[in-house]
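In UniProt numbering, the protein residues as written are 1 to 209.
Cβ coordinates follow ideal geometry from the N, Cα and C atoms, glycine included.
Below is one structure, written out as structure tokens; the observations come after it.
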């Protein structure tokens, strides 16, 4: 519902398109930073069986506050941060989530952060669902490396083994499907480049087989 409302707002006020989509890319970078700060080998994370319905946190206000922030870091095609400013929107989302973690038992930190990542991914995909049915919006988001960052999120080492059963996975699949329908060539190109990069990354392993 929120995504549809934002889409209608952009249609009536086209000047807001750049601001809204840049904020979404910042949000994606914030999620990526949180994911990179998770220790995937921690006991708390391996003990947790993440359910398909994430009932964790009251983070909605933080998400909405974050979406109003200006543009900052971007992730390139190889999932490397192009810039690392001392402070920016992506850092704010990371810090606000860590602040919430500090109120809990520290030995559960990584499990809590992982739930937050899945929650944020789900929220972002729902926001984009209506907007990405517009070709111009899809093109702009893709040109800003938005899809590249989404692929990066799906490749985080802390993603749970049962990720496909989560609402975040279903929302991600829906978003990727929409992008593929509107920009098949561009999306396929990004996916193939990422696969090639991953293949090169594991080359030392498969050469020993």
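Check whether residue i and residue j have beta carbons under 9 Å apart
{"i": "residue 127", "j": "residue 179", "result": "no"}
{"i": "residue 120", "j": "residue 17", "result": "no"}
{"i": "residue 32", "j": "residue 153", "result": "yes"}
{"i": "residue 156", "j": "residue 4", "result": "no"}
{"i": "residue 158", "j": "residue 110", "result": "yes"}
{"i": "residue 166", "j": "residue 118", "result": "yes"}
Assigned exposure category for residue i - 16 Cβ within 10 Å defines buried
{"i": "residue 22", "result": "buried"}
{"i": "residue 137", "result": "buried"}
{"i": "residue 161", "result": "exposed"}
{"i": "residue 202", "result": "exposed"}
{"i": "residue 11", "result": "exposed"}
{"i": "residue 15", "result": "exposed"}
{"i": "residue 50", "result": "With a pLDDT of only 42 at residue 50, under the threshold of 50, the placement of this residue in the model should not be trusted; the figure read from the coordinates follows. Result: buried."}
{"i": "residue 173", "result": "exposed"}
Top-ranked residue by Cα proximity to residue i, from the options
{"i": "residue 93", "options": "170, 24 and 135", "result": "24"}
{"i": "residue 29", "options": "8, 149 and 13", "result": "149"}
{"i": "residue 184", "options": "147, 7 and 6", "result": "147"}
{"i": "residue 189", "options": "142, 205 and 200", "result": "142"}
{"i": "residue 256", "options": "134, 112 and 115", "result": "Residue 256 falls outside the range modelled here, since the chain spans only 1 to 209, and no answer is possible."}
Residue i CB to nearest heavy atom of the ligand ZN below 8 Å
{"i": "residue 178", "result": "Absence of the ligand ZN from the depicted structure is noted, as is the absence of any ligand whatsoever, leaving it without description."}
Unbroken alpha helix (DSSP H) runs of length 4 or more, entirely within the stretch 128-176: which are they?
-> 135-143 and 146-154
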